[in-house]
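Top to bottom, those sequences are chains A and B.
Converting from the first sequence to the working numbering requires adding 48 to each position, the first position being numbered 1.
Converting from the second sequence to the working numbering requires adding 48 to each position, the first position being numbered 1.
Protein chains: 2
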Amino acid sequence: MKPLVAVDWGTSSLRAARIAADGAALEERASPRGILTVPAGGFPGVLHELCGDWLAAPGTLCLVSGMAGSRQGWREAPYCPCPAGFAELARALLWIEPGRVAIVPGLSCEAGGVPDVIRGEEVQVFGALDLLRRPGGVFVLPGTHSKWVRVDAGRVRSFATFMSGECYALLRQHSILARTLPADDGELDEPAFVRGVRHAQEAGSLLRAAFSARTLALFDRLPTAAQPSYLSGLVIGEELRLRDPGAQPVLVGSPALTRRYALALTALGVASTCLGPEATWRGAAALARSLEIP
Amino acid sequence: MKPLVAVDWGTSSLRAARIAADGAALEERASPRGILTVPAGGFPGVLHELCGDWLAAPGTLCLVSGMAGSRQGWREAPYCPCPAGFAELARALLWIEPGRVAIVPGLSCEAGGVPDVIRGEEVQVFGALDLLRRPGGVFVLPGTHSKWVRVDAGRVRSFATFMSGECYALLRQHSILARTLPADDGELDEPAFVRGVRHAQEAGSLLRAAFSARTLALFDRLPTAAQPSYLSGLVIGEELRLRDPGAQPVLVGSPALTRRYALALTALGVASTCLGPEATWRGAAALARSLEIP
């Protein structure tokens, strides 16, 4: 495999890694220069500032994933429609410098007359497949906008976006619940978190379940310090309420988040597997290898 | 019936009416002196400023409902547990001046180990029963915190709170959706609203449905001006997703809100009845009459 530099360029952060042939990161660098901080035309400069030395090595391939390919990014890479595997993704690469620097497009899918999109998570999912040596499964990428991705035979079939992280923050900071919540989230209170997860299953809608954080506080039946954990359980539990009952999801993301999802799934009697953000590097390596197959 | 003054004292507003024996308002007055604007000890003064002349009539009974009975209000009236009808409510009245001025307590109920509460809506529900001459039904009181109340044989059996109005405002003003939404809500776009209501039924969770407001905008499949109506449909549709399929709800509240709920229910094939906020006065009159029965 040619020398590979993988770049994960998000809205508020930029990460890059020099990748070995097996997908392991040889060296990683990060910067706060998310796409929102980069003026039009400034993308090549920011990238070279972060890892110009890596890119200078002869024959290096650079794959950029994430919001850099959005309308507000470096250059807009149109979404690649599902189902999509390496072949579709490779054909849809947006080459900035032919054979040298490419933007990996996001994916789009359609369900019930409504489109959905991911950008960057597709590389993590392919990395997870590679790490687990599996051709398919259900992959959950928790975050501000949590993504549930279904893969069969190496191709992403469909996915769905849940605004979980964002809704937690809105309820936490701006709703009536903020009045009784403590200033800091503190450590995760596992029993309170699991109580929230379970109540979400019964309530059937976060619109309804959320008010319980207030009434439990009002009746002194939930300690103040445990309220953020309970609310987090309500939100993550709401997301898990729609899970495919037969699936054992693979959770990909920061350990702090995947741990919460795994805990919630365990409480619901569902086994899961956790992978870290290194899945991004594995996915970029797998995509790079697929480009070398004639 | 003795002369009656009914007072609906909420968080951010104060309304009062002089009520005829049949429950019709002879005269109404309103003030912006919601409980949050009244300092401790200031409640009698504010009430007398608004309607001291009415209260001066010999033998007048004054019934105060709403947040005035909360911990932050005039005096805390402990919640009356469900099931509760006139008899339970009458026994639980908190008399400020015996036989003259009373605070109507809110109601509490319990489901799945979680308490829920209403304050003020119970009087509206009893007024709706009186107006419709019915002993029971499902009553919906839409608002910041929408209440679904089930009544059988003249007694409130249970209820549930949905944070619908508040969640709409959070998504509208503070979420990523705010970036593509127009500054003003504008007139209701009925087809866009109904589209949101229908999508909420399919999506199964607002956490998931909400992102469609963004992707439809991203793919130019929902005009900017129609987006607030679509989002309102998603939120109200989410609330209606949990409706009892057999019920024909009675909607009680401001015509602007009940009209939306009725429209959404019609789209889902459900008939409903709309009543205005005058139900509060009817409910107070019915409660006053019940006090005179020995």
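Note that the Cβ used here is the ideal one computed from N, Cα and C, for glycine as well.
Exposure of residue i, with buried meaning 16 or more beta-carbon neighbours within 10 Å
i: Ser60 of chain B; result: exposed
i: Trp143 of chain B; result: exposed
i: His96 of chain B; result: exposed
i: Ala5 of chain B; result: It is not possible to answer for residue 5 of chain B, since the shown part of chain B is limited to 49 through 342.
i: Leu84 of chain A; result: exposed
i: Gln172 of chain A; result: buried
i: Ser156 of chain B; result: buried
i: Leu323 of chain A; result: buried
i: Asp164 of chain B; result: buried
i: Leu225 of chain A; result: buried
i: Leu301 of chain A; result: It is Gly, not Leu, that sits at residue 301 of chain A in the sequence shown. It is buried - the Cβ of Gly301 of chain A has at least 16 other Cβ atoms within 10 Å.
i: Leu74 of chain A; result: exposed
Host beta strand (DSSP E) of residue i (start-end)
i: Gly185 of chain B; result: 185–189
i: Glu214 of chain B; result: It is not in any beta strand (DSSP E) - Glu214 of chain B instead sits in the alpha helix (DSSP H) that spans 212–222.
i: Thr321 of chain A; result: 321–323
i: Ser156 of chain A; result: 155–159
i: Ala150 of chain A; result: 149–151
Opening and closing residue of the alpha helix (DSSP H) in which residue i lies
i: Arg308 of chain B; result: 303–315
i: Ser83 of chain A; result: For clarity, residue 83 of chain A is Ile in the given sequence; the question names Ser instead. No alpha helix (DSSP H) holds Ile83 of chain A; DSSP gives it neither H nor E.
i: Pro276 of chain B; result: 275–289
i: Asp101 of chain A; result: 91–103
i: Ser260 of chain A; result: 259–266
i: Ala201 of chain A; result: Unbroken run through Ala201 of chain A: none, as it is neither H nor E.
i: Arg63 of chain A; result: Careful: Arg63 of chain A lies outside any alpha helix (DSSP H), inside the beta strand (DSSP E) at 62–67.
Spatially closest choice to residue i from the options, by CA coordinates
i: Thr108 of chain A; options: A:Gly71, A:Leu98, A:Arg66; result: A:Arg66
i: Ala273 of chain A; options: A:Arg167, A:Gly324, A:Ala231; result: A:Ala231
i: Phe210 of chain B; options: A:Leu84, A:Gly252, A:Arg243; result: A:Gly252
i: Gly331 of chain A; options: A:Ala72, A:Leu62, A:Pro51, A:Val318; result: A:Ala72
i: Gln275 of chain A; options: A:Arg243, A:Leu290, A:Val149, A:Pro293; result: A:Arg243
i: Glu340 of chain A; options: A:Gly82, A:Ala138, A:Pro129; result: A:Ala138
i: Ala208 of chain B; options: A:Ala240, A:His247, A:Phe259; result: A:Phe259
i: Tyr309 of chain B; options: B:His247, B:Asp268, B:Gly191; result: B:Gly191
i: Thr314 of chain A; options: A:Leu84, A:Phe241, A:Glu158, A:Leu255; result: A:Phe241
i: Arg291 of chain B; options: B:Gly114, B:Ala319, B:Trp329; result: B:Ala319
i: Arg81 of chain B; options: B:Glu75, B:Leu74, B:Gly90; result: B:Gly90
i: His346 of chain B; options: A:Met49, A:Cys215, A:Ser338, A:Arg198; result: Residue 346 of chain B lies beyond the residue range present for chain B, which begins at 49 and ends at 342; the question has no answer from this structure.
i: Gly234 of chain A; options: A:Leu179, A:Pro293, A:Ala304, A:Pro183; result: A:Ala304
Separation of residue j from residue i, as counted between CA atoms
i: Arg205 of chain A; j: Gly58 of chain B; result: 51 Å
i: Leu219 of chain A; j: Ile166 of chain A; result: 24 Å
i: Ala140 of chain A; j: Leu311 of chain B; result: 44 Å
i: Ala201 of chain B; j: Arg262 of chain A; result: 30 Å
i: Glu286 of chain B; j: Val149 of chain A; result: 44 Å
i: Arg181 of chain B; j: Leu236 of chain B; result: 33 Å
i: Glu169 of chain B; j: Leu189 of chain B; result: 7 Å
i: Ser118 of chain A; j: Glu250 of chain B; result: 28 Å
i: Thr328 of chain A; j: Leu255 of chain A; result: 34 Å
i: Val162 of chain A; j: Ser280 of chain B; result: 17 Å
i: Ala217 of chain B; j: Val245 of chain B; result: 17 Å
i: Pro271 of chain B; j: Pro146 of chain A; result: 37 Å
i: Val86 of chain B; j: Val94 of chain B; result: 8 Å
i: Glu238 of chain B; j: Ser277 of chain B; result: 7 Å
i: Ile151 of chain A; j: Ala159 of chain B; result: 52 Å
i: Ala69 of chain A; j: Ala336 of chain A; result: 9 Å
i: Ala338 of chain A; j: Met49 of chain A; result: For the sequence presented, residue 338 of chain A should be read as Ser rather than Ala. Each residue's Cα considered, the two are about 10 Å apart.
Chain-order list of residues whose beta-carbon lies under 6 Å from that of residue i (same chain, five-residue window excluded)
i: Val55 of chain B; result: Ala64, Val112
i: Val298 of chain A; result: Ala176, Gly185, Phe187, Thr321
i: Ser212 of chain B; result: Ser194, Val283, Glu287
i: Thr228 of chain A; result: Ala265
i: Phe174 of chain B; result: Gly331, Ala334
i: Thr306 of chain B; result: Leu299, Cys322
7 Å CB neighbourhood of residue i in its chain, flanking five on each side removed
i: Leu98 of chain B; result: Leu62, Ala64, Arg77, Ser79
i: Pro126 of chain B; result: Pro153
i: Trp102 of chain A; result: Val53, Arg66, Thr108
i: Ala295 of chain A; result: Val186
i: Arg198 of chain B; result: Val186, Arg205, Ser206, Phe207
Residue i Cβ short of 7 Å to the ligand MN heavy atom set
i: Glu158 of chain A; result: Annotation note on the ligand MN: not contained in the displayed structure, which lists no ligands.
Beta-carbon contacts of residue i that lie in its chain and below 8 Å, excluding the five residues immediately before and after
i: Arg203 of chain B; result: Cys130, Pro131, Ala132, Gly133, Glu136
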